[in-house]
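Chemist:
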Amino acid sequence: MNEDLRTRQTIDRLLVAIESRDLRAVQTALHPNATWQNVPHLAAEGRPAVMALLDNILCWSDQVRWDVISSSVDGRVGWYERVDRFWLLGEEHAVQCNGVFTIDPATDTVCEVRDYVDLSEWRARVTPVLQSLATRSAEEVVSQHLSAVGTRDPVAMTSDYVLDAVLVRPDAHFTGRSEIADYFETVPERLKDRELVFGEVEATDFHVAGVPWEITSAEGRVASGRDEFVVTEGRITHQRTSLDSDDF
Numbered sequence: 671m672n673e674d675l676r677t678r679q680t681i682d683r684l685l686v687a688i689e690s691r692d693l694r695a696v697q698t699a700l701h702p703n704a705t706w707q708n709v710p711h712l713a714a715e716g717r718p719a720v721m722a723l724l725d726n727i728l729c730w731s732d733q734v735r736w737d738v739i740s741s742s743v744d745g746r747v748g749w750y751e752r753v754d755r756f757w758l759l760g761e762e763h764a765v766q767c768n769g770v771f772t773i774d775p776a777t778d779t780v781c782e783v784r785d786y787v788d789l790s791e792w793r794a795r796v797t798p799v800l801q802s803l804a805t806r807s808a809e810e811v812v813s814q815h816l817s818a819v820g821t822r823d824p825v826a827m828t829s830d831y832v833l834d835a836v837l838v839r840p841d842a843h844f845t846g847r848s849e850i851a852d853y854f855e856t857v858p859e860r861l862k863d864r865e866l867v868f869g870e871v872e873a874t875d876f877h878v879a880g881v882p883w884e885i886t887s888a889e890g891r892v893a894s895g896r897d898e899f900v901v902t903e904g905r906i907t908h909q910r911t912s913l914d915s916d917d918f
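Quick look at the structure:
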């Protein structure tokens, strides 16, 4: 394959992953030792740090679209002029960026990003919105999560969890958003021809809330139980499921 084409495809794979908001896809598109610098600020070094940097905005976004205005590629390096668009609480927030992407041809992953962007202006606009999201109560966050569960979209279902969240079920233990997302991938098929009904969200305090649920089919009740959530700074850090019967 032509080197320039390979570089473009590798960079585009990362951009598509970011737009999907699926951090599993983002992780796959990044080199394990990737760095990301919003110039002139210090770079995030290593894939976990880059994932955390991106998650700071992706987790709150209802939708993400990065419009490429112009691009050029030479060897392992690509220059991408973009308008990055994020929808927060239904409103679009856009920022102009000029990114220099370097790929690792051995792994077909992006190993370095240097983004030239006016972060001060961007932060002035979005920080109040992010602060309002981060101060939501457990009851509000859990209610939003239940709405996402109704979509059966694993990315939406996982977006309210922190990166190192823990989900505990009687027969399984999932650590981290990726494992939780993999579990949620199995839910739509398991709920096929069944109905999941949630009860009222019950807040124990500002940071803790629970909700009873029941799954039924044409033959009657399949399973029932209760989910307890711990929420910190507007995101789910821990979820524990208890069952009244066998799992579904």
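Per this note's numbering, the very first residue in the sequence shown carries number 671; after that it's consecutive.
Here a beta-carbon is modelled for each residue, glycine too, at the ideal position from N, C-alpha and C.
Can you tell me the Cα-Cα spacing of Phe756 and Leu833, whole angstroms?
Modeler: 20 Å
Chemist: What is the rounded straight-line gap between the Cα of Asn708 and the Cα of Ala888?
Modeler: 54 Å
Chemist: Leaving out five residues on either side along the sequence, give the residues of the same chain with a beta carbon under 6 Å from the beta carbon of Leu684.
Modeler: Ala699 and Val780
Chemist: Need the endpoints of the alpha helix (DSSP H) that Ala722 sits in, please.
Modeler: Its alpha helix (DSSP H) spans residues Arg717 to Leu728.
Chemist: Could you give the first and the last residue of the continuous beta strand (DSSP E) run that contains Leu837?
Modeler: Tyr831 to Arg839
Chemist: Within the continuous beta strand (DSSP E) that includes Phe771, where are the two ends?
Modeler: Glu761 to Asp774
Chemist: From this set, His701, Ser802, Ala719 and Val901, which residue's C-alpha is nearest His815's C-alpha?
Modeler: Val901
Chemist: Can you list, in chain order, the residues of its chain with a C-beta nearer than 6 Å to that of Phe771? Leave out the 5 residues immediately preceding and following it.
Modeler: Ile681, Gly748, Val780 and Val783
Chemist: Compare the C-beta of Leu759 against all C-beta atoms of chain B and say whether one is closer than 8 Å.
Modeler: The structure shown contains no chain B, having only a single protein chain.
Chemist: Could you tell me the alpha carbon to alpha carbon distance between Gly880 and Thr797, rounded to whole angstroms?
Modeler: Rounded to whole angstroms, Gly880 and Thr797 show a C-alpha spacing of 29 Å.
Chemist: Counting C-beta neighbours from all protein chains within 10 Å, is the total for Asp692 16 or more, i.e. buried, or is it exposed?
Modeler: Buried is the call here.
Chemist: When you compare each of Thr805, Leu789 and Ala826 to Glu903 by their alpha carbons, which one comes out closest?
Modeler: When only C-alpha atoms are compared, the closest one is Thr805.
Chemist: How would you call Ile850, buried or exposed, if buried means at least 16 neighbouring beta carbons within 10 angstroms?
Modeler: buried
Chemist: Beta-carbon separation of Arg735 and Glu689 under 8 Å?
Modeler: yes
Chemist: Tell me, to the nearest whole angstrom, how far the beta carbon of Val765 is from that of Leu724; I am working on the premise that it is less than 8 Å.
Modeler: So it is not a contact: roughly 14 Å between Cβ atoms.
Chemist: Take the Cβ of Gln733 as the centre, count every other Cβ of all protein chains shown within 10 Å, and call the residue buried at 16 or more, exposed below.
Modeler: exposed
Chemist: Alpha carbon to alpha carbon, what distance is there between Leu913 and Asp841?
Modeler: 10 Å
Chemist: Quick check: what's the CA-CA separation for Phe844 versus Asp744?
Modeler: Cα to Cα, Phe844 sits roughly 42 Å from Asp744.
Chemist: If you measure between the beta carbons of Glu855 and Pro882, is that distance less than 8 Å?
Modeler: No, Cβ-Cβ distance for Glu855 and Pro882 is not below 8 Å.
Chemist: With respect to the beta strand (DSSP E) encompassing Arg735, which residues constitute its N-terminal and C-terminal limits?
Modeler: Note, Arg735: beta strand (DSSP E), Gln733 to Asp744.
Chemist: Taking just the CA atoms, how far does Gly895 sit from Gln679?
Modeler: 46 Å
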